[in-house]
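Asks:
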Amino acid sequence: MINHKKNYQIRIRKGESNMSYDALNNKILEMKDEILASIQQNMRIESVRGEAKPDAPYGEGPKAALTDVLELGKRLGFKTGHADNRMGWIEYGEGEEMVGVLGHVDVVPAGAEGWTYPPFAAEIHDNILWGRGCLDDKGPIIGAVYALKAIRDLQLPIDRRIRVLFGSDEECGCSCADYYVNNGYEMPTIGFTPDGDFPLIFCEKGMSHFIIGGDVKDKGDIEVEYFGGGLALNVVTPKCKLVVKGKLNVTPTEGITVTEEDGKTIVEAVGLSAHGSTPELGVNAAIKLLNAVKENHFGGDFQRYMDFILDKIGTEVHGESLGVHYTDEETGETSLNLGVLHFDDKEMSFTLDIRYPKNAEAEEVDSSVVKHITEAGFVVREKTNAHLLYVPKDSELVTKLMKVFKEETGRDDKPLAIGGGTYAKEFPNMVAFGPCFVEDPAVIHQPNERVEIDKLMQAIQITAAGMYELAVK
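Under our numbering, read the sequence shown as residues 345 to 817, first letter to last.
(1) Based on the DSSP secondary-structure assignment, which residues constitute the bridge partners of P779?
(2) Relative to the C-alpha of H553, which residue among N370, D399, E605 and S679 is closest?
(3) How big is the Cα-Cα spacing for A768 and D539?
(4) Is Y649 helix, strand or coil by DSSP?
(5) With a threshold of 8 Å, are at least 3 pairs of Cβ atoms found where one atom belongs to the stretch 554-564 and the other to the stretch 692-707?
(6) Alpha carbon to alpha carbon, what distance is there between L592 and I762?
(7) For the stretch 514-529 against the stretch 737-753, do three or more pairs of beta-carbon atoms, one drawn from each stretch, fall closer than 8 Å, so that the two count as touching?
(8) Look at the Cβ atom of V637, then the Cβ atom of V594, and state whether they are nearer than 7 Å.
(9) Provide the residue span of the alpha helix (DSSP H) that contains Y523, from first to last.
(10) Please classify M811: does DSSP put it in a helix, a strand, or coil?
(11) So, at 6 Å on beta carbons, what are the nonlocal neighbours of K349 in its own chain, with the 5 sequence-adjacent residues on each side left out?
(12) Do C478 and V684 have their C-beta atoms within less than 7 Å of each other?
(13) Using CA coordinates, which residue listed in L420, K608, E612 and V508 is at the minimum distance from I600?
(14) Around the Cβ of K589, are there at least 16 other Cβ atoms within 10 angstroms (buried) or fewer (exposed)?
(15) Pick from L625, G721 and D645: whose alpha carbon is nearest that of A786?
(16) Looking only at its own chain, which residues have a Cβ that is under 8 Å from the Cβ of A721, when we skip the five neighbours before and after it?
(17) Among D497, K493 and P532, which has the Cα closest to the Cα of L848?
(18) Counting C-beta neighbours from all protein chains within 10 Å, is the total for A809 16 or more, i.e. buried, or is it exposed?
(19) Using alpha carbons as the reference points, say which of L420, L733 and K747 lies closest to F546.
(20) Please report the distance separating the alpha-carbon of L682 from that of G658.
(21) Quick check: K482 and V445, are their CB atoms within less than 7 Å of each other?
(22) In the DSSP output, what is K583 paired with across the bridge?
(23) Going by beta carbon distance, what residues of the same chain come within less than 6 Å of W474, once the five residues before and after it are set aside?
(24) Mapping DSSP to helix, strand and coil, what is V449?
(25) On the three-state DSSP scale, how would you describe V601?
(26) Let me check one thing: in DSSP terms, what residues is L509 bridge-paired to?
(27) Which residues in the same chain have their Cβ closer than 6 Å to the Cβ of F642, if we skip the five residues on either side of it in sequence?
(28) Would you mind working out which of P736, K737 and V714 sits nearest E726, comparing C-alpha positions?
(29) Helix, strand or coil, according to DSSP, for H716 in the structure here?
(30) Round the Cβ separation of V668 and V709 to the nearest angstrom and send it over; I've been treating them as touching at under 8 Å.
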């Protein structure tokens with residue numbers, strides 16, 4: 345719960361404010377209804393990446409969500425701008441240096457099942473906000489806009505400008521941030537993204553993302569009309585389906601259904617989705633389905649496809665069979681996620697999301713994966729990398745934000761190293777700071793994404809204090 349009465353007094357030292365956070369906290373709470381209404385309005389926009397158009401590079405939904413936040417900034421009286429409808433910003437203050445608060449308004453697909461309330465209705469029940477984007481990342485980044493308003497309305501003295509930045513393609517590779525950086529838009533001096541965990545994430549693993557595929561030329565002994573499943577590269581495959589001509593030897597079990605109709609056999613599997621950085625928390629439906637049918641001799645390209653996935657990935661979540669398993673005492677071990685799969689009469693493909701600790705080198709990881717893929721007769725259709733992020737714990741950025749967290753919560757949590765990747769990797773001198781607490785249920789990228797309103801408001805209060813502290817030199 346939010347503590348409205350505790351008076352956090354901060355002693356003056358170089359680079360710190362001398363104010364209590366009470367004024368900011370109270371100002372945020374005064375705007376609670378307005379903040380929630382703005383968040384709900386944006387959540388009702390289904391901002392999943394779609395077909396590119398001349399003025400909407402990631403589709404109509406992401407552009408509509410981006411425009412909605414820009415219009416909010418204008419209504420609140422701030423300077424606004426955008427990088428060709430890829431990334432927008434709202435800014436306040438003066439000075440050569442800039443604090444950046446970086447988030448995103450695009451979301452992963454909702455999926456068809458598992459929702460208690462409609463995923464894009466943004467309904468509130470029992471003081472809980474339900475729906476896609478409430479935590480990842482519309483709630484936190486729109487909250488940051490109102491945090492900026494609180495700092496301005498209270499006329500707090502700041503030495504650095506503050507710019508709230510929001511992209512619209514974070515979930516599909518961060519190309520919006522790449523565009524911002526590569527086209528010469530102003531870079532923050534220091535900053536954070538409210539798109540991770542409290543108390544603070546000082547290290548994010550390096551990442552290699554692969555789309556692997558090939559042409560289907562040999563239909564084999566059992567003809568596969570279709571095999572596929574998955575929502576996104578960075579989501580554990582929640583459902584998978586196989587359609588073959590004729591009969592299959594397969595027994596229905598928990599999560600596996602078998603239907604025969606029109607001379608075809610249809611096998612469907614239901615797993616459990618999870619974020620690609622924590623595949624051990626999910627159950628991959630594609631692996632589940634392939635294990636259920638592996639006693640059948642398919643022959644041809646599907647046999648090769650199935651054998652590779654089961655032999656080199658299977659239920660492994662650390663990449664042992666692909667030769668990419670690394671462990672590090674401070675930053676953990678490799679994670680491996682199989683995300684989206686497709687096989688039909690023309691082509692086949694699957695995606696891999698690999699995240700590795702600081703003692704691994706991207707070149708070594710990629711080389712090992714490519715070696716195994718090439719030996720199996722597949723090709724790399726697309727590969728992207730994200731570098732490891734590591735910010736020293738004694739830096740201005742980490743010490744100030746850790747102080748804010750402790751003052752606002754009374755907790756003495758330690759900074760985190762994670763496998764998840766955030767926008768913090770896109771800009772120098774940036775870390776992830778909230779909005780989730782380590783004890784919260786893992787609901788991001790899953791059905792029933794939701795947040796307790798009190799916790800969301802508390803996260804926005806902490807964001808406001810963090811923004812202010814970083815703006816004081």
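Heads up, the beta-carbon is just placed ideally off N, CA and C, and yes, glycines get one too.
Bear in mind the structure is a predicted one, so any value in this text is a computation, not a measurement.
Replies: Reading off the structure:
(1) Its beta-bridge partners are G540.
(2) Minimum Cα distance to H553 is reached at S679.
(3) About 9 Å.
(4) DSSP places Y649 in helix when its eight states are reduced to three.
(5) Touching, yes.
(6) If you draw a straight line from the Cα of I762 to the Cα of L592, it is about 42 Å long.
(7) Contact between the stretch 514-529 and the stretch 737-753 is absent, because fewer than three Cβ pairs lie under 8 Å.
(8) In this structure, the beta-carbon distance from V637 to V594 falls below 7 Å.
(9) Taken as a continuous stretch (DSSP letters only), the alpha helix (DSSP H) holding Y523 covers S519 to N526.
(10) DSSP, read as helix, strand or coil, puts M811 in helix.
(11) Caution is warranted here: a pLDDT of 26 is assigned to K349, below 50, making its placement in the model unreliable, and the coordinate value is therefore given only provisionally. The beta carbon of K349 lies closer than 6 Å to none in the same chain, with the five residues before and after it left out.
(12) In this structure, V684 does not lie closer than 7 Å to C478 by Cβ.
(13) When only C-alpha atoms are compared, the closest one is E612.
(14) Under this definition K589 is an exposed residue.
(15) It is L625 whose Cα lies nearest to the Cα of A786.
(16) Per the sequence presented here, residue 721 reads as Gly, with Ala not at that position. Apart from the 5 residues on each side of it in sequence, G721 sits with its Cβ closer than 8 Å to the Cβ of G558 and R648 in its chain, given in chain order.
(17) The first residue shown for the chain is 345 and the last is 817, placing residue 848 beyond what the model contains.
(18) A809 should be labelled buried.
(19) Ranked by how close their Cα comes to the Cα of F546, the residues L420, L733 and K747 have L733 in first place.
(20) One C-alpha to the other measures close to 9 Å.
(21) No, the pair does not count as a contact, with Cβ atoms beyond the cut-off.
(22) Assignment of beta-bridge partners to K583 by DSSP yields V614.
(23) Contacts found: Y461, E467 and R794.
(24) Here V449 sits in coil by DSSP.
(25) The displayed chain sequence assigns Thr, not Val, to residue 601. Three-state DSSP puts T601 in a strand.
(26) Under DSSP, L509 takes part in a beta bridge, and its partners are W433 and L446.
(27) So the list reads G564 and I566, once near-sequence residues are dropped.
(28) The candidate whose alpha carbon is nearest that of E726 is V714.
(29) In the structure shown, H716 sits in a helix (DSSP, three-state: H, G or I).
(30) The pair is a contact, with the Cβ atoms about 5 Å apart (cut-off 8 Å).
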